[in-house]
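In full-length UniProt numbering, the protein residues as written are 1 to 358. Notes for the one structure printed next.
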Amino acid sequence: MSWDSWAGRRVFLSGHTGFKGTWMCLALLQMGAKVTGFALDPDTTSPAGQSFYDSMGVADKITDVRGDITDAPTLADAMAKAAPEVVLHFAAQPLVRRGYAEPAATFASNLMGTVNLLEAVRACPSVDAVLVVTTDKVYRNEDWAWSYRETDNLGGLDPYSASKACAELAVASYRASILEGVQVATARAGNVIGGGDWAEDRLIPDLVRAFIAGSTTQIRNPLATRPWEFVLEPLMVYLKLCDELLACTAGAADAWNVGPAREDAWPVGRIADRTCTVWGDGAAWEITQGDKPQPKESKLLTLDPSKIHDALSYTPLLHIDGALDWTVELYRAQADVGAMRDIAAKQVRAYLDASLFG
């Protein structure tokens, strides 16, 4: 498909210094969009000592504003100066285990940060479309065998999941009663993988750190099943969904599951095995031993993405095997910034050139 409509389009992206935010910047820049980013400094670095955002050299190609989404006046001022047509909200406290350690900060970022962003949109007349990215964990977990649909109950026992479910309710309220004339949607994405993610307590980053250090990764729940997809899959869906919002397509301003086909929902142990095989060099993992209590996590969590696949006639470019190949390719180059940039640019171009939507 053609992405020509994004050339010159003004986009405000919160959380632009994070893993998904950096990839979104790379895609938007190749599309010719004018990007304003609003985020904290990157808080994760590679073993080579540099964040993915800094490695990609994004800062000098966009309007890069540093700030906290819990700081409502600063956020509103940045958005007003950007005068965006499209707002993409990625900024969040994104980690389940950190949510247990810092519950108040997690709710402040994920709930009130979202409310602050919606208030900034309310005061910014240039905005036509808003996409708020949440998570597959917004659903009340039943540990049942079938996949969650958009009509299933929201919930979340842990602070991270509950805070994201609260954000969904806040968006629904603003959409229905406050943001008249603005098309607002939410995207509930599954587990994304890709080179450049160095976050704590995530499977692929933990594996790669261990591979580089020559150690063995400890895995808590190898039988836990999650929907896995390459990072650029949901990002392309987000952008296509924004096109539908801008066109005021009936039903677009809604909640959407964004995830892979059910066959790409693999157990953690199978993902680890495949990653070790692709990496080579004797890479291995083992189950965490000991009696230390672990935070409660869902054993089975899969999304039903049929609504958005049907609405957008969407066909993924990569399934999980290919996603892991591309992920390892970039991680393997983590000590060579030039090679990383070339690989990332190649991967973005492959998605922009692909026929993802009918």
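For glycine and all other residues, C-beta sits at the position ideal for the given N, C-alpha and C.
Counting C-beta atoms within 10 angstroms of its own C-beta, P73 has fewer than 16 neighbours from the protein chains shown and is therefore classed as exposed. Its chain contains W23, L26, A27, Q30, L232 as the residues whose beta carbon lies nearer than 8 Å to that of V348, once the 5 sequence neighbours on both sides are disregarded; these appear in chain order. Taken through DSSP and simplified to helix, strand or coil, Q218 comes out as strand. Restricting attention to W326, L324, L352, Y314, the CA atom closest to the CA of G358 is found in Y314. Residue environment: Q183 is assigned as buried (16 or more neighbouring CB atoms within 10 Å of its CB, all protein chains considered).
In this structure, A39 keeps its C-beta atom at 8 Å or more from the C-beta atom of R9. When DSSP assignments are scanned along the region 109-133, the uninterrupted stretches of beta strand (DSSP E) that are 3 or more residues long and fall wholly within it turn out to be 129-133. Looking only at F230, A335, N153, E168, the smallest Cα-Cα distance to V133 is reached by E168. For I219 against T327, the beta-carbon gap comes to about 17 Å, at or over 8 Å, which does not count as contact. In the three-state reduction of the DSSP assignment, R9 falls in the coil class.
Contiguous alpha helix (DSSP H) elements confined to the region 39-82 occur at 52-55, 72-82, taking only those with 4 or more residues. Here the alpha carbon of I193 sits roughly 14 Å from the alpha carbon of P267. G155 is a Cβ neighbour of R140, given a cutoff of 8 Å. Inter-residue distance for V127 and T114 is about 16 Å (C-alpha atoms, whole angstroms). Distance from V96 to Y160 at the Cβ level is roughly 5 Å; contact confirmed, criterion being Cβ atoms closer than 8 Å. DSSP assignment within the region 270-333 yields the following whole beta strand (DSSP E) runs of 3 residues or more, N-terminal first: 285-287. Residue environment: G196 is assigned as buried (16 or more neighbouring CB atoms within 10 Å of its CB, all protein chains considered). Closest by C-alpha distance to I343, out of A335, L330, S355, is L330.
Counting only unbroken stretches of 4 or more residues, the alpha helix (DSSP H) elements lying wholly within the region 149-202 are 159-177, in sequence order. Proximity of the region 207-221 to the region 277-287 meets the contact definition, three or more beta-carbon pairs being nearer than 8 Å. Assigned with DSSP and collapsed to three states, A247 falls in coil, not helix or strand.
Straight through space, the alpha carbons of R262 and P227 are spaced by roughly 7 Å. Excluding five sequence positions before and after L179, the CB atoms of its chain that fall closer than 8 Å to its own CB belong to L118, V121, R122, V130, given in chain order. Here N153 is exposed: its Cβ has fewer than 16 other Cβ atoms, across all protein chains shown, within 10 Å.
For the 8 Å CB-CB criterion, R188 and N257 form a contact. A direct Cα-Cα distance of roughly 35 Å separates L245 from T45. Here G338 carries a helix assignment [DSSP, helix/strand/coil].
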